[in-house]
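Q:
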Amino acid sequence: MNIYDFITAQHNLVLQKVDLIRSLHISDKVSRDIFVKDLYESLENLFRTEQISFYPPLLESKQYGDITETALMQQRNILNSIQMIPHLSQEEFMQTLLRTLAILNAYNSNQQLFLFTVLRNQLAPDVAVRLGTFAMQFHTELTIGKDLQTAYDVCSHLMPSTFSTKSRGHIKAMANQVRQA
Numbered sequence: 005m006n007i008y009d010f011i012t013a014q015h016n017l018v019l020q021k022v023d024l025i026r027s028l029h030i031s032d033k034v035s036r037d038i039f040v041k042d043l044y045e046s047l048e049n050l051f052r053t054e055q056i057s058f059y060p061p062l063l064e065s066k067q068y069g070d071i072t073e074t075a076l077m078q079q080r081n082i083l084n085s086i087q088m089i090p091h092l093s094q095e096e097f098m099q100t101l102l103r104t105l106a107i108l109n110a111y112n113s114n115q116q117l118f119l120f121t122v123l124r125n126q127l128a129p130d131v132a133v134r135l136g137t138f139a140m141q142f143h144t145e146l147t148i149g150k151d152l153q154t155a156y157d158v159c160s161h162l163m164p165s166t167f168s169t170k171s172r173g174h175i176k177a178m179a180n181q182v183r184q185a
C-alpha cells in the first residue's frame, strides 16, 4: 500500500470513530469518555506517523516548510479540542465534536488536494509504496504501545533508500523531538 492510501485509510477509520461517538446517547458519559480517549490515541498515533513518514519528503524541497508547519498546527488544534471533550457539558460536547470534525475534514481535504499532489510529483511510485510500508509498520508499533524512538528503530530499515542522508537524519531527529513533546 502506498503512503497516500495508508494515510487516507487511517483518516477514514478516525472519521468512523467520530461517527460512533456522535451516535452514542448524550447521557452515556462513560462510553463517551472511553471512545473519546480511543479517538485521541488513534489521532495522536496517526499524526505522529504522518510527522515521521509523510512530511519529511516535503522537507526535501524547502518550498513546503510553511505548509508542514500549518499542518502541525492543525494537528495540535484537533488534539487539544478532543482533550477538552470529556470536561464539557452535554450541550458543549456535541458542538465541540462537530467543530472538531469540521477541522479534521478540512485538514484531510487539504492533504488530499495539495500535499498528496505535491508528493506524487516528488516521489516515484515505488518510493511511495516503500514509504507506505514504513508508515504502516511504524503506526502498528505505536498502536501496540512502543515509544517513538523504538518504533522508528524497528522500522528504519523500511525507509526508502532514495531519501538523502540529511532527510534520514531529520526523520530520526523528528522521532526524538516528537517523543519529547
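Numbering of the sequence shown is given in this note's numbering, commencing with residue 5 and proceeding in unit increments. Note that CB positions come from ideal geometry on N, CA and C, so glycine has one too. Note that the coordinates shown come from a computational prediction; the quantities given were computed from them, not determined experimentally.
Cβ of residue 14 within 7 Å of Cβ of residue 62?
A: Cβ distance not < 7 Å, so residue 14 and residue 62 don't count as in contact.
Q: What are the boundary residues of the alpha helix (DSSP H) that residue 154 is part of?
A: Here the alpha helix (DSSP H) through residue 154 covers 152-159.
Q: Please classify residue 106 as buried or exposed, where buried requires at least 16 neighbouring CB atoms within 10 angstroms.
A: Flag for residue 106 reads exposed.
Q: Is it true that the segment 98-116 meets the segment 124-138, where meeting means three or more beta-carbon pairs spaced less than 8 Å apart?
A: Output reads no: the segment 124-138 does not touch the segment 98-116.
Q: Look at the Cβ atom of residue 111, then the Cβ atom of residue 78, and state whether they are nearer than 7 Å.
A: Contact flag set, yes.
Q: Rounded to a whole number of angstroms, what is the C-alpha to C-alpha distance between residue 5 and residue 127?
A: The alpha-carbon atoms of residue 5 and residue 127 are separated by roughly 14 Å.
Q: Looking only at its own chain, which residues have a Cβ that is under 6 Å from the Cβ of residue 72, when we skip the five neighbours before and after it?
A: Same-chain partners within the cutoff: 59, 62.
Q: What separation, rounded to the nearest whole angstrom, lies between the Cα atoms of residue 184 and residue 144?
A: Confidence at residue 184 is low in this model, with a pLDDT of 46, below 50, so the placement of that residue should be treated as unreliable; the coordinate-derived value is given next. Rounded to whole angstroms, residue 184 to residue 144 spans 20 Å at the Cα level.
Q: To which residues of the same chain is residue 120 closer than 7 Å at the C-beta, ignoring the five residues directly before and after it?
A: Correct list, in chain order: 8.
Q: Quick one, are the C-beta atoms of residue 89 and residue 40 less than 7 Å apart?
A: In contact: residue 89 and residue 40 (Cβ atoms closer than 7 Å).
Q: Report the rounded CA-to-CA distance for residue 34 versus residue 124, giving the unit in angstroms.
A: Whole-angstrom Cα-Cα distance: 43 Å.
Q: Near residue 166, which residues of its chain fall below 7 Å by C-beta distance, leaving aside the five closest residues on each side in sequence?
A: Closer than 7 Å at the Cβ level, and outside the excluded window around residue 166, lie 131.
Q: Per DSSP, what kind of secondary structure is residue 164 in: helix, strand or coil?
A: Residue state, collapsed to three classes: coil.
Q: Would you identify the three-state DSSP class for residue 31, choosing helix, strand or coil?
A: Looking at residue 31 - three-state DSSP - the assignment turns out to be coil, as it is neither helix nor strand.
Q: Between residue 152 and residue 80, how many whole angstroms is the CB-CB distance? I'm expecting something under 8 Å.
A: Not quite, the Cβ-Cβ distance comes to about 16 Å (not below 8 Å), so this is no contact.
Q: What number of angstroms, rounded off, separates the C-alpha of residue 42 from the C-alpha of residue 28?
A: Using only the alpha carbons, I get a separation of about 14 Å.
Q: Rounded to whole angstroms, what's the CA-CA distance from residue 147 to residue 117? Just pull it up for me.
A: Computed Cα separation, rounded: 27 Å.
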